[in-house]
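Only one structure is covered here, and it is reproduced in the block below.
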Amino acid sequence: MGSDEATAIANELYRYAELVDAGRFDEVGELMEHCTFSYGDGAGGPSGAQAIADMYRNTVITYDDGTPRTRHITANPIIETEGDTATVRSVYIVLQQAPDSPMQAIITGRYHDTLRRIDGRWRFVERRFLVDLVGDLSRHLRFDLSP
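To convert, count from 1 in the sequence shown and add 1; that's my numbering.
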């Protein structure tokens with residue numbers, strides 16, 4: 002794997018964070034159009050552009066500026082490729098500053114991703130969300146994620 006490939010793969014991870022933080026959920030769906038989500042407990046999640054965009058619209062609280070007032074930080078990506086398939090393990094930290102609330106870390110965990118080269122571009126085909134530490138998500142999610 003060359004450095005250009007690693008950069009292209011890592012950029013897909015960072016593009017996801019950028020779009021979620023901007024509240025651009027339709028574009029998150031487009032980015033993930035070939036993807037199926039799953040969760041650490043083994044539960045399956047949405048699959049495909051529309052289902053993923055709808056999931057974000059229905060579960061993430063947005064504010065007057067149209068954003069969730071978050072900053073998703075994706076760090077320490079470990080990228081391995083074999084042909085047109087890449088696996089990536091990375092860490093995420095989500096910071097939030099909701100109105101009348103200090104900026105704080107609200108959740109941290111890991112992404113286990115599989116990307117495949119489709120039409121010359123690296124695309125997500127699987128994303129598994131693993132949650133490690135949970136803070137106050139009451140201003141971010143419309144459901145309870147407490148352990």
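Glycine included, each C-beta is placed from N, C-alpha and C at the ideal position.
Proximity of the region 106–119 to the region 70–86 meets the contact definition, three or more beta-carbon pairs being nearer than 8 angstroms. Taking a C-beta distance under 8 angstroms as the contact criterion, SER102 and ARG140 qualify as a contact pair. For GLN98, the secondary structure class from DSSP, reduced to helix, strand or coil, is coil.
Shown here for ALA23: same chain residues with a beta carbon closer than 7 angstroms to its own, the five before and five after excluded, namely THR68 in chain order.
Per the coordinates, the alpha-carbon of ALA99 lies some 21 angstroms from the alpha-carbon of MET56. Nearest C-alpha to ALA9 among THR37, ASP66, ILE80, LEU146: ILE80. The residues VAL135, in chain order, have a CB closer than 7 angstroms to that of SER147 in the same chain once the five nearest residues on each side in sequence are set aside. TYR17 carries a helical assignment under DSSP once its states are collapsed to helix, strand and coil.
Under DSSP, the beta-bridge partners assigned to HIS73 are VAL95.
Between GLY30 and ALA50, the C-beta gap is smaller than 8 angstroms, which places the two residues in contact. Here DSSP, grouped into helix, strand and coil, assigns GLY3 to coil. About 6 angstroms separates the beta carbons of GLN97 and ARG70, which is inside the 8 angstroms limit, making them a contact pair. Between MET33 and PHE125 the beta-carbon gap is near 5 angstroms, inside 8 angstroms, which marks them as a contact.
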